[in-house]
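Going by our numbering, the residue at position 48 of the sequence shown is 66; the numbering climbs one at a time, nothing skipped. The beta carbon of each residue, even a glycine, is placed where N, CA and C say it ideally should be. All values derive from a computational prediction rather than experimental measurement.
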Amino acid sequence: MLDYAIFAITFVVFLIATGLYLYPGPNKITTIPGLEPSDPKDGNLGDIGRAGSLHEFLLKLHAEYGDIASFWWGQQLVVSLGAPELWKQHERIFDRPPLLFKGFEPLIGAKSIQYANGLDGRTRRKLYDPSFGHNAMKYYYSIFQELGQEMAQKWESMEGDQHIPLRAHTIDLTMKAITRCSFGDTFKDEECLQFSRNYDICWDDINERTKGNYPVEGSPREKKFQEALGRLHTTIGRVAKYRRENPPPPQEQLFIDLLIEGDLPEEQVRAKSHTYWTISSVMTLYHCLLLTWALYFIATHKEVEEKLYQELIDVLGKKEDVTPDNISQLVYLRQVLDETLRCAVVGPWGARYMDLDIEIGGHIVPAKTPVIHAFGVVLQDERIWPEPNKFDPERFDAESSKGRHKLAFQPFGFAGGRKCPGYKFSYAETSVFLSILCRQFKLHLVDGQVVTWHGIIMITRPVDEIWITVTKRD
19 MLDYAIFAIT
29 FVVFLIATGL
39 YLYPGPNKIT
49 TIPGLEPSDP
59 KDGNLGDIGR
69 AGSLHEFLLK
79 LHAEYGDIAS
89 FWWGQQLVVS
99 LGAPELWKQH
109 ERIFDRPPLL
119 FKGFEPLIGA
129 KSIQYANGLD
139 GRTRRKLYDP
149 SFGHNAMKYY
159 YSIFQELGQE
169 MAQKWESMEG
179 DQHIPLRAHT
189 IDLTMKAITR
199 CSFGDTFKDE
209 ECLQFSRNYD
219 ICWDDINERT
229 KGNYPVEGSP
239 REKKFQEALG
249 RLHTTIGRVA
259 KYRRENPPPP
269 QEQLFIDLLI
279 EGDLPEEQVR
289 AKSHTYWTIS
299 SVMTLYHCLL
309 LTWALYFIAT
319 HKEVEEKLYQ
329 ELIDVLGKKE
339 DVTPDNISQL
349 VYLRQVLDET
359 LRCAVVGPWG
369 ARYMDLDIEI
379 GGHIVPAKTP
389 VIHAFGVVLQ
399 DERIWPEPNK
409 FDPERFDAES
419 SKGRHKLAFQ
429 PFGFAGGRKC
439 PGYKFSYAET
449 SVFLSILCRQ
459 FKLHLVDGQV
469 VTWHGIIMIT
479 RPVDEIWITV
489 TKRD
């Protein structure tokens, strides 16, 4: 009888302890471990700023609290998932939480596709995505080839000891590619450069706003932002007018032509073009950084450079172009790109939310709670990637990839069919550029540089310019 009483008391204590663990107290709305707000109004936004970026903040958050953790974005609870096993429960979730992307609104507008959810978001993706789909890509390869050869000629004129600003050259190259492929050849070099400068003004200002540094209304900073934004609108309006009056053949239709074909008023074409251009510009920065970091890693890993060169020669010879038909044969090149995306953490996070409660990792995530997919945390997880800071393209060969969780490598997102629309564009563009540059030149990092990165909004980039030199191959 005594034994039974002891067992009963022990069992009751166990149930109470379990209840205290599983159910939040009166001042908590979740059992998910994480940070309390450090400020009653701003939550943990100050902590994010002090960490340097959201990516760096998430690395620290998950290191302390585990694979599922919480923090406060202002007065809103946010949950972050730092393991692919947990992402699986979000595979079909389409809707993005507008709050986490609010910083883009002054640039892209409240009605941007970035904030479009439900049927509206799916319908708009269905309309816009073909401009970066398989059929469109066939047309873009020749543009990539032309622009890549132009860059090679420029580098040839700088061969030897002349220092090449790597990021400046790659942003110029990828900006030309995205403008040509989105809006046609009406963008000339000088106009593309001006467009890029205006966009940089707007982008840098938006980045400051995400840190809580907002411009004073009527201040010189706000005026500079609005003037640059106005110039972007004017340029896109001119391109829309030209394409409407000079329609291309169906096989050469670009994104802007899909809008014009829908018989939208010019103002809506301009607005929608600007919205998608801004998203495309995020892609441009993404593509620029993929190319920048790939060239950096190639320059600093000579065994990778030579193995890549040999594959390019074996598959393409010295003169053949990369095409949709042969790009799949460049297996090692794809490994180099994938390892660049992993090691540099070019795109560190995405986010989704649901209208209903959902259980993840044994915890209830309340309805409408923003849930971050911490891509960068997973891409640096030593449980999945031994020696995660080491650049090693062999991680992505067939043998090494066996047994790896299918969601462990998702640099372009995965949830709800809302993957980055430009992921095929990114691989094709960068493959063509590298095939040209790496067959013609050996790359050398200028001595004395300390190359570091920092996160801005949704990407990571070098803190300072990366300088290289090139020597012509025989």
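Spatial neighbours of residue i in its chain, beta-carbon cut-off 7 Å, leaving aside the 5 residues before and after
i	result
residue 167	454
residue 165	191, 194 and 195
residue 183	483 and 485
residue 329	348, 350 and 351
residue 75	65, 66 and 69
residue 415	353
residue 174	490
residue 493	Summary: the structure shown does not reach residue 493, with the chain confined to residues 19 through 492, and so no result is reported for it.
residue 102	396, 423, 425 and 426
Beta-bridge partners of residue i, as assigned by DSSP
i	result
residue 57	61
residue 98	87 and 390
residue 462	487
residue 52	88
residue 311	Note: residue 311 sits in no beta bridge, so no partner.
residue 183	485
residue 105	Per DSSP, none; premise fails for residue 105.
residue 480	471
Rounded separation between residue i and residue j - CA only
i	j	result
residue 323	residue 180	21 Å
residue 413	residue 403	8 Å
residue 88	residue 63	13 Å
residue 482	residue 245	27 Å
residue 227	residue 100	26 Å
residue 309	residue 355	9 Å
residue 549	residue 360	Residue coverage of the chain in this structure runs from 19 to 492, which leaves residue 549 outside it and unanswerable.
residue 306	residue 485	15 Å
residue 236	residue 247	15 Å
residue 42	residue 383	Unreliable positioning characterises residue 42 in this predicted model, as indicated by a pLDDT of 44, which lies under 50. The coordinate reading is nonetheless provided below. Each residue's Cα considered, the two are about 12 Å apart.
residue 313	residue 304	14 Å
residue 469	residue 490	24 Å
residue 112	residue 142	13 Å
residue 217	residue 417	43 Å
residue 395	residue 431	14 Å
residue 437	residue 268	26 Å
residue 458	residue 409	23 Å
residue 178	residue 446	29 Å
residue 342	residue 163	12 Å
residue 225	residue 492	44 Å
residue 271	residue 144	16 Å
residue 197	residue 264	17 Å
residue 411	residue 374	41 Å
residue 158	residue 346	17 Å
residue 393	residue 210	32 Å
residue 148	residue 466	45 Å
residue 59	residue 84	26 Å
residue 320	residue 266	45 Å
residue 47	residue 381	11 Å
Other residues of its chain near residue i: CB distance less than 6 Å, five sequence neighbours each side excluded
i	result
residue 496	Here the chain comprises residues numbered 19 to 492, so residue 496 is not present and cannot be evaluated.
residue 379	86 and 104
residue 169	191
residue 406	398 and 400
residue 90	55, 61 and 62
residue 116	133
residue 53	62 and 89
residue 376	383
Cβ-based neighbour list, residue i, same chain, cut-off 8 Å, excluding 5 preceding and 5 following
i	result
residue 234	240
residue 448	305, 308, 309, 312 and 355
residue 433	105, 108, 109, 110, 111, 112, 368, 370 and 391
residue 464	181, 485, 486 and 487
residue 186	483
Any C-beta of chain C under 8 Å from that of residue i
i	result
residue 275	Absent here is chain C; the protein component of the structure consists of one chain.
Q. So does the region 453-472 actually touch the region 330-337, counting three or more Cβ pairs closer than 8 Å?
A. Verdict: yes, contact present.
Q) How about the region 417-428 and the region 129-149: do they share at least three Cβ pairs that are nearer than 8 Å? A) Touching, no.
**Q.** Minimum length 3: unbroken beta strand (DSSP E) runs contained in the region 338-391
**A.** Runs found: 368-370, 376-378, 381-383 and 389-391.
Q.
Below 8 Å, how does it come out for the region 110-123 and the region 154-163: are there three or more Cβ pairs, yes or no?
A. Because the criterion of three Cβ pairs below 8 Å is not met, the region 110-123 and the region 154-163 do not touch.
Q.
I'd like to know if the region 375-394 and the region 95-112 are in contact, where contact means that at least 3 CB-CB pairs between them fall below 8 Å.
A. By the criterion of at least three beta-carbon pairs nearer than 8 Å, the region 375-394 is in contact with the region 95-112.
(Q) Could you check whether the region 254-269 touches the region 198-210, counting it as contact only if at least three pairs of C-beta atoms, one from each stretch, sit closer than 8 Å? (A) With the cut-off at 8 Å, the region 254-269 and the region 198-210 touch.
(Q) My parser needs the alpha helix (DSSP H) runs of 4 or more residues fully inside the region 134-182; what are they? (A) Listed in chain order, the complete alpha helix (DSSP H) runs (minimum 4 residues) inside the region 134-182 are 136-146 and 152-174.
Q. Which runs of the beta strand (DSSP E) fall wholly inside the region 386-452 and span at least 3 residues, in chain order?
A. Segments of the beta strand (DSSP E) lying fully in the region 386-452: 389-391.
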